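If you're matching them up, the sequences are chains A, B and C in order. Letter by letter, the first sequence follows residues 1 to 167 in my numbering. Letter by letter, the second sequence follows residues 1 to 264 in my numbering. Letter by letter, the third sequence follows residues 1 to 790 in my numbering. Report on one structure; see the data block that follows.
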Amino acid sequence: MPQVTLSVNGKSHTVEVEGRTLLVELLREKLRLTGTHVGCDTSQCGACVVHMNGESVKSCTTLAVMCDGAQVTTIEGLAKTDGTLHPMQEAFREYHALQCGFCTPGMVMSAVDLVQKNPQGLSEQEIREGLEGNLCRCTGYHNIVKAIAAAQDVMHGRRESLAAAAE
Amino acid sequence: MYDFAYHKPSSLAEAARLLAADPDAKAIAGGHTLLPALKHRLNRPSSLVDLSGIAEMRGIRREGDSLVIGALTRHEAVARSSEVKSAIPALVHLAQHIGDTQVRNRGTIGGSVANNDPAADYPAAVLGLGATVRTSRREIPADEFFLGMFTTALEPDEILTAIAFPIPEKAGYAKMRNPASRYVMAGAFVSKGKMGVRVAINGAGPCVFRQAAMEAALAANWSPEAVAGIKQSADGLNSDIHGSAEYRAHLVSVMAKRAVQAAG
Amino acid sequence: MNVVHPFEGIGASVRRKEDRRFLSGRGQYTDDINRPGQLYAHILRSPHAHARIGAIDTTAARAMPGVEAIYTSADMAGIGGLPCGWQIHNKDGTPMAEPKHPVLAEGKVRHVGDPVAVVIAATRQQARDAAEAIEVEYDVLPAAATLAQAQAPGAPAVHDDLPANLCYDWHIGEKAAVDAAFAQAAHRVVFETTNNRLVPNAMEPRSAIGDYDATTGEHTLWTTSQNPHVIRLLMGAFVLNLPEAKLRVVAPDVGGGFGSKIYHYAEEAIVTWAAHKLERPVKWTSDRTEAFMSDAHGRDHVTRAELALDKDGKFLALHVQTQANMGAYLSTFAPCVPTYLYATLLAGVYSTPAIYAEVKAVFTHTVPVDAYRGAGRPEATYLLERLVDVAAKQCGFDRVELRRKNFIATDAFPYQTPVALQYDSGDYFSTLDQALQSADWAGFEARRAEAKARGKLRGIGISTYLEACGIAPSAVVGSLGARAGLYEVGTIRVHPTGSVTVLTGAHSHGQGHETTFAQLVADKLGVPVANVDIVHGDTAKVPFGMGTYGSRSLAVGGSAMDKAMDKIIAKGKRIAAHLMEASVEDVEFERGTFRVAGTDKTKALAEVSLAAYVPHNYPIEELEPGLEETAFYDPKNFTYPGGCHIAEVEIEPETGRVQLVNFTAVDDVGRVINPMIVEGQVQGGVAQGVGQALLEACVYDEAGQLVSASMMDYCLPRAEDLAPVSVATHTTLCTHNPLGVKGCGEVGAIGSPPAVINAVVDALRDYGVEHVEMPATPQKIWSILHRQQS
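In structure tokens form, the structure reads like this:
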């Protein structure tokens, strides 16, 4: 069986996998990091999005064997080690950008990548377009868009905190 | 997915050898076309040859009046390349709108072109710019490369290494997406330059094709109006629940017009 | 006074308690759970819509790596069929047809996806590998997927003993009164429409894990369910013959339901049964493609309606004839959807004096159809609100004024409709006026002109709707055919130090109950939200409750909690009276503090609860120790949320693409506990309604193959398909539950589809377009424009 060594949330793992094992299967079934979800089988819903080497990828469409040497961050690794939530996580809570929570990990990971790649700031329409790889069936996206718009200001240092912004 | 053996060669020669040794082997780069098919068990390769470790298939560079893009170049890299933007901005626009962000972060130009999905974006650019496909053993002009649905001139053990795009005077791309899958329902890539005036249509038919009447019209008068009135025949076009052949034929004219508008 | 600070009781937008675990990846959904020694099940499903099953050869499959067992229906002899929870009676009083719904197909398959065999293996992939090696002989038969096909002469029978494919032929209302009104009508308006079939697509695919402890004889089922007690009852009593005490059903975090996770599905019975047989835990998790062919679908009606109006536009009578697709088998609540959740809503917000509705439910070779967000009420609302627009256009009335003219007067409540329901409260004029203003209805023509200058066709559409939810009075629904009660249970457990655990039979799968319910406790008992834990979804922990669907959790479940809190306060007063040496009649309670009226003598709830659990100084002769109370609440009536939705769209004529540009909702959902959550529920419901109107279509071909079998072909709304949704509320209180609440989970999906289609038709007004069927896809719009132009 092939072996793959990769870093997940800063911790190195060496795991035996099948050739056909997907990254999401490695995360969920071998490492028991079940925050990354599987919502479809056609690479469309984005519930499985994680960061690999700093970029968002669909872990359901990535072979584990192709991740040898990769740095992977999952939703479990996004908050600081002291438990302080990432500004994007905090914004999702503040703006009620999640309901059932199933799409949320992928949505948050996509949103972080989207904001990081666009330091110039994104309009509401650009945020909507930037979420094209993620589906949410609960929220109608309205509050997700608001949360990302608020989080980008904090992430880019244009605003100190999210407090009271959602009223 | 069925299981398979996995190989990750570090040179083109080794990759070609692996592919030649196993007729049921398949090459994989970003995997964004192959893996969805494998997950649905539509395909059963005995081994996968991962091309991502081959340095000679990387990079974006100018070679004279051509822009050469290595096969392993990810869509996102093209979308963000200043080199591509200054040479062929239409290609940046195309790459920015392939699939979604995560697809663009993994999918490669070589995989898209070698697979020749009728609803993929890049084949329209390759044909619409009259590019040359470079492989592990030869160079293939675009007009001879795309043979039919999911079929190209590539031999089983031949590896697409780069695409050389002649830099045009003008080029533009417009598409209508399938609302569900987001793949192309009908698209048009138009260009004008030393390769002449070219109009490539993707999404609408079983394989990307050149639209001769539109090319003639644009050669005579490069303007959106010149193509807007030219009707595409619906014969032989794809038809599904999202778009009948007639609707796709109509969209071809609309997208061609928009592509010319975008080209300026 | 011991008020909770910051204020987090009723009316506060408290941020959700559940969010931290979901945002950190620490939610626990069914597929996240793994049991020691767990095996994996893969279901082999029929590739055919209709076929006779011949020999099933599992020899090769059994020899595959990792395979532990393969079962077909032959192995499950003695196992009951999946039960139906509602019986409808025909016009002639006879009961509906109720064919057996076997867990694994017996003799025949009746839809693509019908389960034929189950493989249980050491890994998911091994189970799937082996399933492919099973050889099934199918004698493929002609199929009938659509209502028209199934009712055509000589149509293939879905069930051999039901040659006409008829499940029931039901009616409601007074035909004679309707006929008489039509005879005198100045205007008769006919409208025919199809309500498109939908696939719910909760983001979490269904999953189930069966476990069996041979030493105790206890079975545990973890499942993606909206109502674990209902599953325990149905599966235990009707399918597997297990007593409640030996069957625990847990529905942990559930990733959306929208109705699709109400029903008892075959896979739940299969994993529970197989876990017993193998004495190993067995997990099954659906993939999305499997979900398309095994989750219950929604809607799928074909209807002809005729409205009679007098010369001034007053509605005189309504006659509706509907055919409803049941699919191949009756799902748990399927029969009630096109009847008591649909035809009873046909008065809508209007004072139409005579209504007669006839509904034929028909079996087809498709996945079973059952309740999907709104269930029956979206179909009724769509029909009515399109019909009113069509009538306005045909008879020359203004569409807003025609609605206003026919509204039930605000002082007419309680209002008895001609189709069984009695509305308790509402104010349709105010929600209409507020929405017209908020959406700038008056200024629309300028926006239309501006869009036209950009080459776009802009339209505006309105819907004034009502729904019935908070289901339901048990005796009433029992008389209408329900085979269950529809009360809810709540337990309030005040701990010795004053923190509170609430046990509720309602189930949260996105609704935010852990927060909203805690706010009820904060508001009434004065316990901070942080000190209130909500426990739900586990039959081993929670008393028998009926679960979450039909926007019932707050109206029914919240009312049960409120009643239980009343009992807590009553007992607490007796304890406090003892502690303060006062008489019980003199003790008052407000938000956490017991007080002797007119004095400064007080006892905090925590002091009282401590005394209750450490009863040293306690009226032990007359009062039991402890401070925990349970209440069951059976509602006296449905609740009737209503409101006004306004949509604006722009159409790109060249491609036919419709873009939603603006959406305004003003809803009366009764008292609002958490405005933030209510807005979120409405926005999400609207998104699903817009999806139905513009994007979503479940399509079968003539052979009964599911064409829209994955997200590649079934179009779910993405962020850029939607627009900002403005939500406001205008409250009239429910008069018959203690909280005055009505319900907000379904209003978005009910009110929005006709608003969107009315806007699309309005955008096309210069093209002579009378109607556009849902979904208004680019191709459909282009075809209409193309036809008009050529």
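Backbone N, C-alpha and C define an ideal beta-carbon position, used for all residues, glycine too. Note that the structure is a prediction, hence the values are computed from the model and not measured.
Query: Taking contact to mean 3 or more Cβ pairs, one atom from each stretch, closer than 8 Å, check whether the region 132–142 of chain C and the region 47–65 of chain C are in contact.; Result: yes
Query: Give the secondary structure of A/T61 by DSSP, where H, G and I count as helix, E and B as strand, and everything else as coil.; Result: helix
Query: Starting from the Cα of C/P353, find the closest Cα among C/L384, C/D310, C/T417 and C/P543 and give me that residue.; Result: C/T417
Query: Would you list, in chain order, the members of the region 45–67 of chain A that have their beta-carbon closer than 9 Å to a beta-carbon of chain C?; Result: C45 and A47
Query: Measuring only between beta-carbons, confirm whether C/Q688 sits less than 8 Å from chain B.; Result: no
Query: Within the continuous alpha helix (DSSP H) that includes B/Y247, where are the two ends?; Result: A245 to A263
Query: For C/H616, does the count of other Cβ atoms within 10 angstroms reach 16, so buried, or fall short, so exposed?; Result: exposed
Query: Spatial neighbours of C/G374 within its chain, please: CB distance less than 6 Å, with the 5 preceding and 5 following residues excluded, ordered by chain position.; Result: E746, A749 and I750
Query: Mapping the DSSP letters down to three states, classify C/E106 as helix, strand or coil.; Result: coil
Query: Relative to the C-alpha of C/V661, which residue among C/H42, C/I355, C/K283 and C/F444 is closest?; Result: C/F444
Query: Any beta-carbon of chain A closer than 8 Å to the one on C/A202?; Result: yes
Query: Any contact between the region 627–635 of chain C and the region 409–429 of chain C? By contact I mean 3 or more CB pairs, one from each, below 8 Å.; Result: no
Query: Hey, out of C/T344, C/P281, C/E650 and C/T497, whose CA is closest to C/A122's CA?; Result: C/P281
Query: Between which two residues does the alpha helix (DSSP H) carrying A/N143 extend?; Result: H142 to M155
Query: Which runs of the beta strand (DSSP E) spanning at least 3 residues fall entirely within the region 373–405 of chain C, listed in chain order?; Result: none
Query: Would you report the Cα separation of A/C138 and A/L98, rounded to the nearest angstrom?; Result: 8 Å
Query: Against chain A, with Cβ distances strictly below 8 Å, would C/H794 count as a contact?; Result: A question about residue 794 of chain C goes unanswered here, because the residues of chain C that appear run from 1 up to 790.
Query: Name, please, each residue of chain A whose Cβ falls closer than 9 Å to the Cβ of B/L35.; Result: L22, S43, C60, T61, T62 and L63
Query: Against chain C, does A/L85 count as a neighbour if the rule is that its beta carbon must be under 8 Å from one of theirs?; Result: yes
Query: Using 8 Å for Cβ pairs, my map puts C/A380 next to C/L345. What's the rounded Cβ distance?; Result: 4 Å
Query: Can you give me, in chain order, the residues of the region 90–115 of chain A that have a beta carbon less than 8 Å from any beta carbon in chain B?; Result: S110, D113 and L114
Query: Can you tell me whether DSSP reads C/N2 as helix, strand or coil?; Result: Residue confidence is low: C/N2 scores 42 on pLDDT, short of 50, so the model does not pin down where it sits. No coordinate-derived value is stated.
Query: What in chain C is Cβ-close to B/M176, meaning under 7 Å?; Result: T655
Query: For C/C715, return the contacting residues in chain B, with the cut-off set at a CB-CB distance below 7 Å.; Result: P179 and A180
Query: In three-state DSSP terms, what is C/I462?; Result: strand
Query: Does the beta carbon of A/E16 sit closer than 8 Å to a beta carbon anywhere in chain B?; Result: no
Query: Using alpha carbons as the reference points, say which of C/T729, C/R288 and C/T516 lies closest to C/N674.; Result: C/T516
Query: Assign A/C40 to one of three DSSP states: helix, strand, or coil.; Result: coil
Query: Could you tell me which chain D residues have their CB closer than 7 Å to the CB of A/P2, listed as they occur along the chain?; Result: Included in the structure are the protein chains A, B and C, with no chain D among them.
Query: Compute the Euclidean distance between the alpha carbons of C/A606 and C/E585, then round it to the nearest angstrom.; Result: 21 Å
Query: What residues of chain C sit near B/Y122, judged by a beta carbon separation below 9 Å?; Result: The contacting residues do not exist; B/Y122 stays about 19 Å from chain C at best.
Query: Along the region 44–56 of chain B, where does the CB come closer than 9 Å to a CB of chain A? Name the residues.; Result: S47, L48, D50 and S52
Query: What whole-angstrom Cβ distance do C/I471 and C/G550 have, given they're in contact under 8 Å?; Result: 4 Å
Query: Near C/V477, which residues of its chain fall below 6 Å by C-beta distance, leaving aside the five closest residues on each side in sequence?; Result: L486
Query: Below 9 Å between beta carbons is the criterion; list the residues of the region 127–143 of chain A that meet it against any residue of chain B, in chain order.; Result: G130, L131, E132, G133 and N134
Query: By the three-class DSSP mapping on this structure, what secondary structure does A/G130 have?; Result: helix
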